[in-house]
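Engineer: Protein chains in written order, with the working numbering: chain A, 1 to 478; chain B, 1001 to 1368. Here you go, one structure.
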């Protein structure tokens, strides 16, 4: 089921909320069970055949985690249990997500003729990573014992189940355990609705609105110079508004239940370096890759060269996580290279004189943005050769189309750029504080005007009007 | 009631009000003319046939439906009317499959036309998703069910078109609307139903249709042999033909079906001969079955223009291997009116045999 659909907004969500708060009067456990059940119903609408896989994954990880938490095992045995747990998760992920990719590569190299058509269970990458983090933390002794219903809800919680944010058990389960969240809070519901409205508007009006221009670069016709740039930039903004819109909706929905989800985006195109970009883009994935891959690999503790190697490994695997294709690996590796250059510049580059600081920041913002756009071409293209073809068009300003459509699209792309660079982001508008568990506590005067409320209502109305029948989120395939 | 609760109600109330205002605007303006013919403003039409056809079926008067793919999409209704002596409605849809054509025709047949003129080729019978799974096919609009009407009235696209339909009344904004239409931002901009998807009368046809373009397409196909055979599966095509064509014709015994096979350039079949001979044999076999089966029905006549050598061998008539110019449109209509290229029930395979011998004999002259 999609967040941007009438059945979700007008049927599923109201029923889920009503049941949750009604059962909240009966105690602390019943609403948890209700929400877990609602999450499974949500998942089963488009993925009913994979519900058993999801439940098996939850049971398997909970059992392994329980062994690590509850039993006093010999260190060697503890490591073996962790290995079995993580390997089991990766095996399932690998089978469903990467077996076809592996077979295609084997075919290409050895002409083996293996054909595999395995359906990808939506959300598998997200719930696998969530649970690997749980197992690793259990092994490290950083996890208390959780009740099964709370753990099951932590994994299946429908606002995040399909496309994140990637949740952390230490952040979520204590919130599920709090009795306060089971009582309806009109303030949180209103704020949640407004955040949801902003996310819905981002998705249905902004991301879907710019989508037709993406085909200028990535469609069947070879683009000219201007079309290649318009298409690449249009995709840059489409992806941001699509994914951050989804994250906003997830945060807003969860807030209506009294649960604060972590932020996933923080105006990434305002970044002034690639390091800064990765602190602002898909933040929960960046944190996961840092804590559970980059640091265990050695991080920056084993010298400069190994740090760069670790960065490359982390980013290439991060790319592969997004999809089983060489284009994603290339995208990740390219960001790995960017990060290495960025760290090297920080270490060995010249200091900027104070009077040029502002100028340098603007230059850094533009350079970072263009680097990101170039990398997105790999991310979006059907193949490496297609990506290189588009990039080659982007550096050869010899062929122009510059018709009405291109002129108009340039204006639209410019507007989106202004929106990304100048407008405040959702958390700034709503003063959302994930760690402090507050929202709209310290609003600016203009945010208290009735006009703000009605403007937000208009945003929700436009978001609902923008719902299209066939509009899926780009990152569902991750 | 607490202040947050009051604000929550205000917020929800205002949202609902705005949505209802948009729906009311869309109902009153009704850019697709689903509920009534345009009265308050000059009617405007969209080139998006899948969407527009749903409105045309309900708003236009007609006794004949003209159906087909991109090969039929730029015909003018006035030409059809004049040549065949009918009052036609063109519902041809670029890239349409037999499932889509069946669905659109089924909706149009509820208006009880006397005749269907159907441009048919083997390509439309390739396997394709159900109309409800087609991303750009608003199937519920044709059904006029609650989902379709809600999607139309509560759509941002409809609201945008409704607003601009009104804003066009103001002269300065009319120019802006023209610009937005040229940029393909506004979809409803054609003011004459006769001109929907037709090439402008002022267009330089020789620029669009010429032998060098046709030869480039031929060379491209030779380099990409998989493309010319894509979707050709005899069993699937047979199944879809029986379901979408025969099923519809048998369901409407009182309607006359005039089916014609369009004049592809000879290079289409020559390319198959060169790079996909199995596909070419499949086309012959499938055509033989289709013509024989169609002619077994009393309310069907079939014309086959694929062997019309005067058209198909003149490569200046095409922009690629199959798409012919409006000049050929008129020749096809004249041929239909005069009964030229009509396939007789006594010799249903004659046209296919002529085509076969033309394809076998054809040699593309090399440019010096």
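Each residue gets a CB set at the ideal place from its N, CA and C atoms; glycine is no exception. These numbers come from a predicted model, not from an experiment.
Name the residue from B:1251, B:1048, B:1198, B:1337 whose alpha carbon lies nearest to the alpha carbon of residue 1083 (chain B).
Structural biologist: Within the second chain, residue 1083 (chain B) is the residue found at index 83, counting from 1. The residue with the shortest Cα to Cα distance from residue 1083 (chain B) is B:1337.
Engineer: Among the residues of its own chain, which have a CB less than 7 angstroms from the CB of residue 1225 (chain B), if the five just before and after it don't count?
Structural biologist: As a working note, residue 1225 (chain B) is residue 225 in the second chain. Closer than 7 angstroms at the Cβ level, and outside the excluded window around residue 1225 (chain B), lie 1275, 1276.
Engineer: Using CA coordinates, which residue listed in B:1343, B:1324, B:1309, B:1330 is at the minimum distance from residue 1355 (chain B)?
Structural biologist: Residue mapping note: residue 1355 (chain B) aligns to position 355 of the second chain, counting from 1. Selected option, being the one with the closest Cα: B:1309.
Engineer: If you draw a straight line from the alpha carbon of residue 416 (chain A) to that of residue 335 (chain A), how long is it in whole angstroms?
Structural biologist: Within the first chain, residue 416 (chain A) is the residue found at index 416, counting from 1. Within the first chain, residue 335 (chain A) is the residue found at index 335, counting from 1. Approximately 23 angstroms, taken between the alpha carbons.
Engineer: Within the same chain, show all residues whose beta-carbon is closer than 8 angstroms to that of residue 1193 (chain B), passing over the 5 residues directly before and after it, in chain order.
Structural biologist: In the second chain, residue 1193 (chain B) corresponds to position 193, counting from 1. These residues qualify, in order along the chain: 1043, 1045, 1056, 1060, 1077.
Engineer: Between residue 146 (chain A) and residue 35 (chain A), is the Cβ-Cβ spacing less than 9 angstroms?
Structural biologist: Mapped onto the first chain, residue 146 (chain A) falls at position 146. Mapped onto the first chain, residue 35 (chain A) falls at position 35. No; because the gap between Cβ atoms is not below 9 angstroms, this pair is not in contact.
Engineer: Go through its chain and collect everything with a Cβ distance to residue 1037 (chain B)'s Cβ below 6 angstroms, but skip five positions before and after it.
Structural biologist: As a first step, residue 1037 (chain B) is located in the second chain; it is residue number 37 there, counting from the start. Counting only Cβ-Cβ distances below 6 angstroms, and skipping sequence neighbours, we find 1059.
Engineer: Counting along the chain, where does the alpha helix (DSSP H) carrying residue 1261 (chain B) start and finish?
Structural biologist: Position 261 of the second chain holds residue 1261 (chain B). Run containing residue 1261 (chain B): none in the alpha helix (DSSP H); it sits in the beta strand (DSSP E), 1256-1261.
Engineer: Quick check on residue 1116 (chain B): does DSSP put it in helix, strand or coil?
Structural biologist: Translated into the one-based positions of the second chain, residue 1116 (chain B) becomes position 116. Correct three-state label for residue 1116 (chain B): strand.
Engineer: By the DSSP assignment, the alpha helix (DSSP H) with residue 1176 (chain B) in it spans what residues?
Structural biologist: Position 176 of the second chain, counted from the first residue, corresponds to residue 1176 (chain B). It spans 1171-1182 - the alpha helix (DSSP H) in which residue 1176 (chain B) sits, taken as one unbroken run.
Engineer: Please list, in chain order, the chain A residues whose beta carbon lies closer than 7 angstroms to that of residue 1184 (chain B).
Structural biologist: As a working note, residue 1184 (chain B) is residue 184 in the second chain. The answer, in chain order, is 405.
Engineer: Label residue 1052 (chain B) either buried or exposed according to how many other C-beta atoms from any shown protein chain fall within 10 Å of its C-beta, with 16 as the threshold for buried.
Structural biologist: In the second chain, counting from the first residue as 1, residue 1052 (chain B) sits at position 52. So residue 1052 (chain B) counts as buried.
Engineer: In the DSSP assignment, what residue or residues form a beta bridge with residue 1304 (chain B)?
Structural biologist: Locating residue 1304 (chain B) in the second chain gives position 304, counting from the first residue. In DSSP, residue 1304 (chain B) forms a bridge with B:1261.
Engineer: So, with DSSP's three-state summary, where would you put residue 438 (chain A)?
Structural biologist: As a working mapping, residue 438 (chain A) is identified with position 438 in the first chain. Of the three classes helix, strand and coil, the one that applies to residue 438 (chain A) here is strand, per DSSP.
Engineer: With a cut-off of 9 angstroms, does the C-beta of residue 1159 (chain B) fall near any C-beta of chain A?
Structural biologist: For the purposes of this step, residue 1159 (chain B) is identified with residue 159 of the second chain, where counting begins at 1. Judged by the 9 angstroms Cβ criterion, residue 1159 (chain B) is in contact with chain A.
Engineer: Can you name, in chain order, every residue of its own chain whose Cβ lies under 6 angstroms from the Cβ of residue 138 (chain A), other than the five neighbours on each side?
Structural biologist: As a working mapping, residue 138 (chain A) is identified with position 138 in the first chain. Excluding sequence neighbours, residue 138 (chain A) sits near 65, 68, 69.
Engineer: My understanding is that residue 1286 (chain B) touches residue 1234 (chain B), with C-beta atoms under 8 angstroms, so please give their C-beta distance in whole angstroms.
Structural biologist: Locating residue 1286 (chain B) in the second chain gives position 286, counting from the first residue. Locating residue 1234 (chain B) in the second chain gives position 234, counting from the first residue. That belief holds up - the Cβ atoms of residue 1286 (chain B) and residue 1234 (chain B) are roughly 6 angstroms apart, short of 8 angstroms.
Engineer: Is the CB of residue 1154 (chain B) under 9 angstroms away from at least one CB in chain A?
Structural biologist: The count along the second chain starts at 1 and reaches residue 1154 (chain B) at position 154. Yes, residue 1154 (chain B) lies at the interface with chain A (some Cβ there is under 9 angstroms from its Cβ).
Engineer: Taking all protein chains shown into account, do 16 or more other C-beta atoms lie within 10 angstroms of the C-beta of residue 1033 (chain B), making it buried, or fewer, making it exposed?
Structural biologist: Against the second chain, residue 1033 (chain B) aligns to sequence position 33. It counts as buried.
Engineer: Chain A partners of residue 1231 (chain B), CB-CB under 8 angstroms?
Structural biologist: Locating residue 1231 (chain B) in the second chain gives position 231, counting from the first residue. What residue 1231 (chain B) touches in chain A: nothing, since even the nearest Cβ is about 16 angstroms away.
Engineer: Are residue 3 (chain A) and residue 199 (chain A) close, meaning C-beta to C-beta below 9 angstroms?
Structural biologist: As a position in the first chain, residue 3 (chain A) is number 3, starting the count at 1. As a position in the first chain, residue 199 (chain A) is number 199, starting the count at 1. Contact: yes.
Engineer: So with CB distances below 8 angstroms, who are the chain A contacts of residue 1008 (chain B)?
Structural biologist: In the second chain, the residue the question calls residue 1008 (chain B) occupies position 8. Here the neighbours are 186, 189, 190, 193.
Engineer: Quick check: the Cα distance between residue 1329 (chain B) and residue 1262 (chain B), rounded to an integer number of angstroms?
Structural biologist: By 1-based counting over the second chain, the position of residue 1329 (chain B) is 329. By 1-based counting over the second chain, the position of residue 1262 (chain B) is 262. So the two alpha carbons sit approximately 9 angstroms from each other.
Engineer: Note down, in chain order, every chain B residue with its Cβ under 8 angstroms from the Cβ of residue 464 (chain A).
Structural biologist: Residue numbering aside, residue 464 (chain A) sits at position 464 when the first chain is read from its first letter. Going along chain B in sequence order, the residues near residue 464 (chain A) (Cβ under 8 angstroms) are 1015, 1019, 1154.
Engineer: Whole angstroms are fine: how far does the CA of residue 1152 (chain B) sit from the CA of residue 1023 (chain B)?
Structural biologist: As a working mapping, residue 1023 (chain B) is identified with position 23 in the second chain. As a working mapping, residue 1152 (chain B) is identified with position 152 in the second chain. Their Cα atoms are separated by approximately 9 angstroms.
Engineer: Consult DSSP for residue 433 (chain A) and reduce its assignment to one of helix, strand or coil.
Structural biologist: Here residue 433 (chain A) refers to the residue found at position 433 when the first chain is read from its first residue. Strand, per DSSP.
Engineer: Does the structure place the region 1118-1137 of chain B close enough to the region 1089-1103 of chain B that three or more beta carbon pairs sit under 8 angstroms?
Structural biologist: Yes, the region 1089-1103 of chain B touches the region 1118-1137 of chain B.
Engineer: For residue 123 (chain A), which residues in the same chain have their Cβ closer than 6 angstroms to its Cβ, ignoring the five residues on either side in sequence?
Structural biologist: Here residue 123 (chain A) refers to the residue found at position 123 when the first chain is read from its first residue. These residues qualify, in order along the chain: 161, 162.
Engineer: At a CB-CB cut-off below 7 angstroms, which residues of chain B make contact with residue 454 (chain A)?
Structural biologist: Reading the first chain from its first residue, position 454 is the one you call residue 454 (chain A). The contacting residues are 1014.
Engineer: Mind pulling the chain B residues with CB within less than 7 angstroms of residue 460 (chain A)?
Structural biologist: Residue numbering aside, residue 460 (chain A) sits at position 460 when the first chain is read from its first letter. Simply 1015.
Engineer: Does residue 1004 (chain B) come within less than 9 angstroms of chain A when only Cβ atoms are used?
Structural biologist: One-based indexing of the second chain puts residue 1004 (chain B) at position 4. Yes, residue 1004 (chain B) counts as interfacial toward chain A.
Engineer: Specify the secondary structure class of residue 1342 (chain B) as computed by DSSP and reduced to three states.
Structural biologist: Here residue 1342 (chain B) is taken as the residue at index 342 of the second chain, counted from 1. DSSP places residue 1342 (chain B) in strand when its eight states are reduced to three.
Engineer: Which residues of chain B have a Cβ atom closer than 7 angstroms to the Cβ of residue 457 (chain A), listed in chain order?
Structural biologist: As a position in the first chain, residue 457 (chain A) is number 457, starting the count at 1. By Cβ distance, chain B contributes 1011, 1014, 1015, 1018.
Engineer: Any idea if residue 1291 (chain B) is buried or exposed, counting beta-carbon neighbours within 10 angstroms, 16 or more meaning buried?
Structural biologist: Counting from one through the second chain, the residue named residue 1291 (chain B) turns up at place 291. Burial call: buried.
Engineer: Taking only beta-carbon atoms, is residue 450 (chain A) less than 9 angstroms away from chain B?
Structural biologist: As a first step, residue 450 (chain A) is located in the first chain; it is residue number 450 there, counting from the start. With 9 angstroms as the cut-off, residue 450 (chain A) counts as an interface residue toward chain B.
Engineer: Residues bridged to residue 1064 (chain B) by DSSP?
Structural biologist: If you number the second chain from 1, residue 1064 (chain B) lands on position 64. BP columns for residue 1064 (chain B) point to B:1088, B:1115.
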